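Protein chains: 2
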Amino acid sequence: MRKQTKITLDEKEMPRQWYNIAADLPGTMNPPLGPDGNPIGPEMLAPVFPMNLIEQEVSQERWIDIPEKVLEMLYLWRPTPLVRAYNLEKALGTPARIYYKNESVSPAGSHKPNTAVAQAYYNKEFGIKKLTTETGAGQWGSALAFATSLLGMECKVFMVRVSFDQKPFRKMMMRTWGANCIASPSMETQAGRDILEKYPDTPGSLGIAISEAIEAAVTDKTGQTRYSLGSVLNHVILHQTIIGLETKKQLAKIDEKKVDVVIGCAGGGSNFAGLAFPFVLDKINGAEIDVVAVEPASCPTLTRAPFAYDHGDVAKMTPLMAMHTLGHNFIPPPIHAGGLRYHGISPLISHAVNHDLIRPEAIHQMECYDAAVKFARTEGIIPAPETSHAIASAIREANKAKEEGKEKVIVFNFSGHGLMDLVGYDKFFNGELSDHSLPEEDLAKFTEILKGYPVPTR
Amino acid sequence: MRKQTKITLDEKEMPRQWYNIAADLPGTMNPPLGPDGNPIGPEMLAPVFPMNLIEQEVSQERWIDIPEKVLEMLYLWRPTPLVRAYNLEKALGTPARIYYKNESVSPAGSHKPNTAVAQAYYNKEFGIKKLTTETGAGQWGSALAFATSLLGMECKVFMVRVSFDQKPFRKMMMRTWGANCIASPSMETQAGRDILEKYPDTPGSLGIAISEAIEAAVTDKTGQTRYSLGSVLNHVILHQTIIGLETKKQLAKIDEKKVDVVIGCAGGGSNFAGLAFPFVLDKINGAEIDVVAVEPASCPTLTRAPFAYDHGDVAKMTPLMAMHTLGHNFIPPPIHAGGLRYHGISPLISHAVNHDLIRPEAIHQMECYDAAVKFARTEGIIPAPETSHAIASAIREANKAKEEGKEKVIVFNFSGHGLMDLVGYDKFFNGELSDHSLPEEDLAKFTEILKGYPVPTR
Chain A
112 MRKQTKITLD
122 EKEMPRQWYN
132 IAADLPGTMN
142 PPLGPDGNPI
152 GPEMLAPVFP
162 MNLIEQEVSQ
172 ERWIDIPEKV
182 LEMLYLWRPT
192 PLVRAYNLEK
202 ALGTPARIYY
212 KNESVSPAGS
222 HKPNTAVAQA
232 YYNKEFGIKK
242 LTTETGAGQW
252 GSALAFATSL
262 LGMECKVFMV
272 RVSFDQKPFR
282 KMMMRTWGAN
292 CIASPSMETQ
302 AGRDILEKYP
312 DTPGSLGIAI
322 SEAIEAAVTD
332 KTGQTRYSLG
342 SVLNHVILHQ
352 TIIGLETKKQ
362 LAKIDEKKVD
372 VVIGCAGGGS
382 NFAGLAFPFV
392 LDKINGAEID
402 VVAVEPASCP
412 TLTRAPFAYD
422 HGDVAKMTPL
432 MAMHTLGHNF
442 IPPPIHAGGL
452 RYHGISPLIS
462 HAVNHDLIRP
472 EAIHQMECYD
482 AAVKFARTEG
492 IIPAPETSHA
502 IASAIREANK
512 AKEEGKEKVI
522 VFNFSGHGLM
532 DLVGYDKFFN
542 GELSDHSLPE
552 EDLAKFTEIL
562 KGYPVPTR
Chain B
112 MRKQTKITLD
122 EKEMPRQWYN
132 IAADLPGTMN
142 PPLGPDGNPI
152 GPEMLAPVFP
162 MNLIEQEVSQ
172 ERWIDIPEKV
182 LEMLYLWRPT
192 PLVRAYNLEK
202 ALGTPARIYY
212 KNESVSPAGS
222 HKPNTAVAQA
232 YYNKEFGIKK
242 LTTETGAGQW
252 GSALAFATSL
262 LGMECKVFMV
272 RVSFDQKPFR
282 KMMMRTWGAN
292 CIASPSMETQ
302 AGRDILEKYP
312 DTPGSLGIAI
322 SEAIEAAVTD
332 KTGQTRYSLG
342 SVLNHVILHQ
352 TIIGLETKKQ
362 LAKIDEKKVD
372 VVIGCAGGGS
382 NFAGLAFPFV
392 LDKINGAEID
402 VVAVEPASCP
412 TLTRAPFAYD
422 HGDVAKMTPL
432 MAMHTLGHNF
442 IPPPIHAGGL
452 RYHGISPLIS
462 HAVNHDLIRP
472 EAIHQMECYD
482 AAVKFARTEG
492 IIPAPETSHA
502 IASAIREANK
512 AKEEGKEKVI
522 VFNFSGHGLM
532 DLVGYDKFFN
542 GELSDHSLPE
552 EDLAKFTEIL
562 KGYPVPTR
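Shown next, in the form of structure tokens:
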């Protein structure tokens, strides 16, 4: 007879603190640099973020209390279930025990609201009335729209034009939550106008949209507008650690003592780090865990890109950050995992990869769609294209365990459902999708731009 | 300080039996009638349903065990949370305590999988390899596609053409789960061909799609195909009672002793009855509870239609059932709540309404969309258009409690999310929606057809 399928936690069992890995990482992090090449101080970020979030961004405290009001918003869908993937295990014939943390149960359908409600809360506490942000496929924009609607704040979302035109449904979600979503590049910012003048038919990019959103925040004359980012930064990843902290409590609850593999898909890195960092802490303390960050083979930030200082956006409005980066002008191939096409990745993750605490892995999209369909037909939930990368990796590990005849424990982050991304599935079934490798010469071309920048230490 | 927001149950606390209200309803139910006007025997349904489900359909047992294998499938998302709508209460300034049962967390996004997994299971047990069904907006078709994929069965869905064309995403969900979804009327059945010959441009209807799905099942020469219905019938409603049974456990867990109002939206009636019937049992036993079935004012089955014998489908393939019905040729106005446009409603609900155990209420769609947007912006989840009817009614009750200064307890069924129905919201915001009343003369015209049929007793 089966044991428990779905391990739930009561609200009272939800973690009351976030975990800040900055307190535990070995070596020294390379600081963000300003235009003069010197480390930036908190005051330089003040026009962009509220000071309470800047303090979190640079904090070295290991544990940071979650405010009561943030807990109350999280309770709307958290704690999320940890599910034993019995059906998938059976279909694979693996001796591995596979668990997935189901972050798709949030109102916006992904892990993104975990940080959206926290960021909206801290901004409101600081007196901010309006947030600006960018969004690619729309997961982050809709999460922030959801969070600001709960707190009665304004929200303006710059959505990459190609997604704005091709994926109208995320835009409608944002509108339902009261946010104002416009296509990027737009005529509302200098950054947008500059790009449109040069490339009137541009499909847009996340890097451009970030430039526009930052500009819209810092040029607002009321002083009550700030910018909000959905991944990459330290405070974003901090807020996501509730995923891994809950997971550890859930595994303890069913007496699952030893985790062998922890997996998440990685674009900017927040869902991956959210699950993984509490396990990386165990690894730092001596546990043997294979922690896997899975990225698309077509956007190989961790597996092939250099570790370098780079901007987070096209218009170079962000500080220089030390990270694995494909260059801020990188144009990703047209794969469907919109959330995994960013040119850079979290500096914390980059640092942890450099110190062998995380193993990066790149998988092509056809294998990911295969895995996603297998998952949908066994476990029932249709995965987001981003999430399918974690599933594909989990299936690889489960098959490895089968070959080795080992009872491994595999945990992966089911970061979001694919109900807003069904066109990709349709194309997959129609045979219209294929794999895209990034040619060596393109990688060289895109990263050429990094040559003039300061060089971070490993 | 707030009490608990989200009341969860562990798998071990999930009910192990369904509640069959047929054992407790006062008076005598009018039996389904065959073409000869006489009550049909189980054997007459055998070409359509497997015998184990027919036994449930006619059972008078109060409690029916849920098979272990069905429990295992339900565990993928059940027990579902009961949520205290603190934010909505605050926005309304009501002294009422509002709870909603969140059925939207299922993989298909609604309550429909509760019966889909049970029906698929019983069919498989009976040796059936393939199920046929109809679907309007696609909630039911996708739920059955999900269930059959878990059990490795084939599934064919006849989808009302207007939805097939206008709502491609539900169709893609079904495809992802491996089901074959085609537009109805189709050329694959006699019923479909007849309609297409007369009305080549017909948008289709649920009544036509049911005819096609039944025909496809009973004419299959292998004998291994059966038909599956997502609402109306006794066994479907039986499977949905897990909603109300869980809700009662959850209310007991937080010591909420007395429920004043129980609300669900009602099309065929399954989500409403699923929540309400366990509370109707209390009412039969003397408790004072206002049990409200909410329907669209444009499709006023319970509030304005006669109680009569009628077919469930256009081609009159189903037995005659005693129910409130707008006539099987009813053509509903173009409102967005696709799941609430059926001409009839569950005979069990009709009977309970006739015995004053349930209070029917009709609400127009603009009030429902208003309520849905208010809910989305306070509680976070974007409701299905069907579900918005229950929300609108709950808001009415909460406002009434405010006027009366009473601390009422209101429980409603959040039957599904609206992520596949965002076009309706967009039209609402664009001012493109309006209310549709069914003119008295149209009601008379559609129900004219019932005149030749046997008359049920009240």
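Chains as they are written, first to last, in the numbering used here: chain A, 112 to 569; chain B, 112 to 569.
Ideal Cβ positions, reconstructed from N, Cα and C, are used throughout, including at glycine.
Please read all numbers here as calculations on a predicted model, not as lab measurements.
Can we say the segment 538 to 555 of chain B touches the segment 422 to 432 of chain B, given the rule of at least three CB pairs closer than 8 Å? no
On the three-pair Cβ rule with 8 Å, is the segment 457 to 466 of chain B touching the segment 475 to 485 of chain B? Flag = no, the segment 457 to 466 of chain B and the segment 475 to 485 of chain B do not touch.
9 Å Cβ cut-off: residues of chain A touching S260/B: A487, R488, T489, G491
Given this structure, state the Cα-to-Cα distance separating T412/A from P445/A, to the nearest angstrom. 16 Å
Is M162/A buried or exposed, if buried means 16 or more other CB atoms sit within 10 Å of its CB? exposed
Residues of chain B with a CB under 7 Å from the CB of E122/A: which are they? Q115, T116, K117
Mapping DSSP to helix, strand and coil, what is T116/B? Residue state, collapsed to three classes: coil.
Should P296/B and A320/B be called a contact, given that it needs their Cβ atoms to be closer than 9 Å? yes
Any beta-carbon of chain B closer than 9 Å to the one on E183/A? yes
Continuous alpha helix (DSSP H) stretch holding V534/A: start and end: 533 to 540 is the extent of the alpha helix (DSSP H) around V534/A.
Whether L203/A touches K513/A by CB criterion (9 Å): Here L203/A is near K513/A, since their CB atoms are less than 9 Å apart.
Over the uninterrupted beta strand (DSSP E) stretch that includes G280/B, give me the two end residues. Rather than Gly, the amino acid found at residue 280/B in this sequence is Phe. Where F280/B is concerned, there is no enclosing beta strand (DSSP E), although the alpha helix (DSSP H) it sits in stretches over 279 to 287.
From the beta carbon of N198/A, is the nearest beta carbon of chain B less than 9 Å away? Yes, contact with chain B.
How close, in whole Å, do the beta carbons of V403/A and I374/A come, if the pair is a contact with beta carbons under 8 Å? 5 Å
Measure the C-alpha to C-alpha separation of H528/B and K201/B and round it to an integer number of angstroms. 22 Å
Name the one or two DSSP bridge partners that H528/B has. P494/B.
Endpoints, alpha helix (DSSP H) assigned at H350/B: 345 to 351
Taking only beta-carbon positions, decide if T246/A is within less than 9 Å of chain B. So, not an interface residue.
Just the C-alpha distance for P190/A and I118/B, rounded to the nearest angstrom, thanks. 11 Å
Is the segment 322 to 337 of chain B in contact with the segment 235 to 249 of chain B, if contact means three or more CB pairs nearer than 8 Å? yes
Select from the segment 278 to 296 of chain A all residues with a C-beta closer than 7 Å to any C-beta belonging to chain B, and list them in chain order. Going along the segment 278 to 296 of chain A in chain order, one finds F280, M283, M284, R286, T287, W288, G289 with a Cβ nearer than 7 Å to chain B.
In three-state DSSP terms, what is N131/B? coil
With 16 other Cβ atoms within 10 Å as the buried cut-off, status of I502/A: buried
For the pair the segment 260 to 271 of chain B and the segment 285 to 292 of chain B, tell me if three or more CB-CB distances fall below 8 Å. The segment 260 to 271 of chain B vs the segment 285 to 292 of chain B: in contact.
List the residues of chain B that M162/A touches, going by C-beta distances under 9 Å, in chain order. Residues of chain B passing the Cβ test: none, with the nearest at roughly 28 Å.
Pull up the CB-CB distance for A248/A and G378/A, whole angstroms please, since I reckon it's below 8 Å. Between G378/A and A248/A the Cβ distance is about 10 Å, and since that is not below 8 Å, they are no contact.
Starting from A473/A, follow its DSSP beta bridges and name the residues at the other end. For A473/A, the beta-bridge partners assigned by DSSP are E406/A.
Distance between K359/B and Y211/B (C-alpha atoms, nearest Å): 12 Å
Any C-beta of chain A under 9 Å from that of F257/B: So yes, F257/B belongs to the interface.
Supposed close pair K109/A, Q250/A - CB separation, criterion 8 Å: Outside the shown range of chain A (112 to 569) lies residue 109/A, about which nothing can therefore be said.
Min CB distance F540/B to chain A below 9 Å: yes
Could you check how far apart the C-beta atoms of A345/B and E214/B are, in whole angstroms? I think they sit under 8 Å. The residue asked about is misnamed: residue 345/B is Asn in this sequence, not Ala. The pair is not a contact, with the Cβ atoms about 20 Å apart (cut-off 8 Å).
According to DSSP, which residues form a beta bridge with W174/A? Y130/A
Would you decide whether A134/B is buried or exposed? Buried here means 16 or more other CB atoms lie within 10 Å of its CB. exposed
For chain A, is any of its Cβ atoms less than 9 Å away from the one on G407/B? In the sequence on display, residue 407/B carries Pro and not Gly. Output row for P407/B: interface = no.
Any C-beta of chain B under 9 Å from that of M531/A: Yes, M531/A counts as interfacial toward chain B.
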